[in-house]
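Residue numbers (my numbering): 12 to 320. A virtual CB, placed ideally from N, CA and C, is assigned to each residue, including glycine.
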Ligand SMILES: Nc1nc2c(ncn2[C@@H]2O[C@H](COP(=O)(O)OP(=O)(O)OP(=O)(O)O)[C@@H](O)[C@H]2O)c(=O)[nH]1
């Protein structure tokens, strides 16, 4: 008997302003908080929310670049968007059902067409605002746009959805999960995900730990924030937070990569992450990093429990 495999990965919802990205993010994530404030510039992708399911996990991230097209020009912008979007496993392109496809949508569609490898799912949002006939027409226009920019194959999928009344929100999650790679959960479920700060801290550590070694440690790194506690005996004017974080890898060779010769790399990781965390939390931080091997943790349910998955 084979166990059903877990799927996890990163999704970026894109679309022009007002297309319904944030509202859909919140609907997908449910009661779990979507992080909308405190965006440290150090992370390429800001996590907006995490969808935890029994068999899968979707990490919804922001993609810089598409949001500020006017501050960058031509090739540079194309490169930035392509770079950042190439790191996600799927893109959800939001197009409102109640507005004709405009130049803003076409602009983004053209950017997305340059992503050769990443599947793009067209999400026709706000379906509650239109009747069935208008929705059918919009679905056809959106499909035609896909064929225009991507050729015959078109969008990987076209899914109508309403975040307002919940229509097809689960279907959107199903379709996105269908494009996620086989992977262990990338973030722990549970209370931590309700704490934007802990999620952000984990993300900062993860980013710092992967910097420059992404090829060697693609997805085999789990970051668990064990605790964030104020140091006792410090005055209110000069507080210090103790932040204890465990990094779990699968093999000793990966542990060696993270730690580096004589611990040099781990010190750099700590320094970089600490700066980001201090900027995020606005106080001095003592960051305590531990690298541990969770052997075959993708397959061993006991380990998963220990890691809080
Ligand atoms: N009726 C209806 N309104 C929606 C739906 N989704 C979003 N809206 C409304 O559309 C507006 C824009 O939604 P947002 O989710 O903020 O759009 P966004 O794409 O995140 O916008 P930016 O942050 O500007 O990029 C808000 O007023 C929402 O309340 C929906 O499914 N139905």
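DSSP three-state label for residue i, please.
{"i": "residue 42", "result": "Reliability of the predicted coordinates at residue 42 is poor, the pLDDT of 47 falling under 50, and no value is obtained from them."}
{"i": "residue 257", "result": "strand"}
{"i": "residue 132", "result": "strand"}
{"i": "residue 218", "result": "helix"}
{"i": "residue 16", "result": "coil"}
{"i": "residue 297", "result": "strand"}
{"i": "residue 192", "result": "coil"}
{"i": "residue 168", "result": "strand"}
{"i": "residue 108", "result": "coil"}
{"i": "residue 144", "result": "helix"}
{"i": "residue 176", "result": "coil"}
{"i": "residue 279", "result": "helix"}
{"i": "residue 158", "result": "helix"}
{"i": "residue 37", "result": "helix"}
{"i": "residue 272", "result": "helix"}
{"i": "residue 31", "result": "coil"}
{"i": "residue 286", "result": "helix"}
{"i": "residue 246", "result": "coil"}
{"i": "residue 223", "result": "coil"}
{"i": "residue 118", "result": "helix"}
{"i": "residue 125", "result": "coil"}
Within 10 angstroms of the Cβ of residue i, are there 16 or more other Cβ atoms? Answer buried if so, exposed if not.
{"i": "residue 246", "result": "exposed"}
{"i": "residue 196", "result": "buried"}
{"i": "residue 137", "result": "buried"}
{"i": "residue 313", "result": "Residue confidence is low: residue 313 scores 49 on pLDDT, short of 50, so the model does not pin down where it sits. Its coordinate-derived value is still stated next. It is exposed - the Cβ of residue 313 has fewer than 16 other Cβ atoms within 10 Å."}
{"i": "residue 301", "result": "exposed"}
{"i": "residue 15", "result": "exposed"}
{"i": "residue 171", "result": "buried"}
{"i": "residue 259", "result": "buried"}
{"i": "residue 32", "result": "buried"}
{"i": "residue 173", "result": "buried"}
{"i": "residue 263", "result": "exposed"}
{"i": "residue 242", "result": "exposed"}
{"i": "residue 100", "result": "buried"}
{"i": "residue 111", "result": "exposed"}
{"i": "residue 193", "result": "exposed"}
Quick test of your reading: residue i and residue j, contact by CB under 8 Å. State the CB separation rounded to the nearest angstrom.
{"i": "residue 265", "j": "residue 215", "result": "Incorrect: roughly 20 Å between the Cβ atoms, too far for contact."}
{"i": "residue 305", "j": "residue 261", "result": "7 Å"}
{"i": "residue 239", "j": "residue 208", "result": "7 Å"}
{"i": "residue 131", "j": "residue 102", "result": "5 Å"}
{"i": "residue 108", "j": "residue 71", "result": "That pair is no contact at about 21 Å."}
{"i": "residue 323", "j": "residue 135", "result": "Coverage of the chain is limited to positions 12 through 320, which leaves residue 323 absent and any answer about it impossible."}
{"i": "residue 67", "j": "residue 21", "result": "Not really, about 12 Å apart at Cβ, beyond 8 Å."}
{"i": "residue 133", "j": "residue 166", "result": "4 Å"}
{"i": "residue 210", "j": "residue 235", "result": "Between residue 235 and residue 210 the Cβ distance is about 11 Å, and since that is not below 8 Å, they are no contact."}
{"i": "residue 292", "j": "residue 281", "result": "Contact flag wrong, Cβ pair sits at about 15 Å."}
{"i": "residue 97", "j": "residue 128", "result": "7 Å"}
{"i": "residue 184", "j": "residue 62", "result": "6 Å"}
{"i": "residue 269", "j": "residue 220", "result": "6 Å"}
Can you tell me which residues form a DSSP beta bridge with residue i?
{"i": "residue 68", "result": "19, 63"}
{"i": "residue 103", "result": "24, 132"}
{"i": "residue 304", "result": "260"}
{"i": "residue 238", "result": "255"}
{"i": "residue 233", "result": "259"}
Q. Does the region 264 to 281 come close enough to the region 183 to 198 that 3 or more CB-CB pairs lie under 8 Å?
A. Segments in contact, no.
**Q.** Inter-stretch contact at 8 Å, needing at least 3 Cβ pairs: the region 246 to 262 / the region 283 to 300
**A.** Judged by Cβ distances under 8 Å, the region 246 to 262 makes contact with the region 283 to 300, as three or more pairs qualify.
Q | Meets three-Cβ-pair contact criterion under 8 Å: the region 217 to 237 and the region 130 to 146 | A | With a cut-off of 8 Å, the region 130 to 146 and the region 217 to 237 do not count as touching, because too few Cβ pairs lie within range.
Q) Do three or more CB pairs link the region 23 to 31 to the region 154 to 167 at distances below 8 Å? A) In short, these stretches do not touch, since the Cβ pair count stays below three.
Q. Looking at C-beta atoms only, is the number of pairs between the region 111 to 125 and the region 33 to 40 that lie closer than 8 Å three or more?
A. They do not touch, by the three-pair rule.
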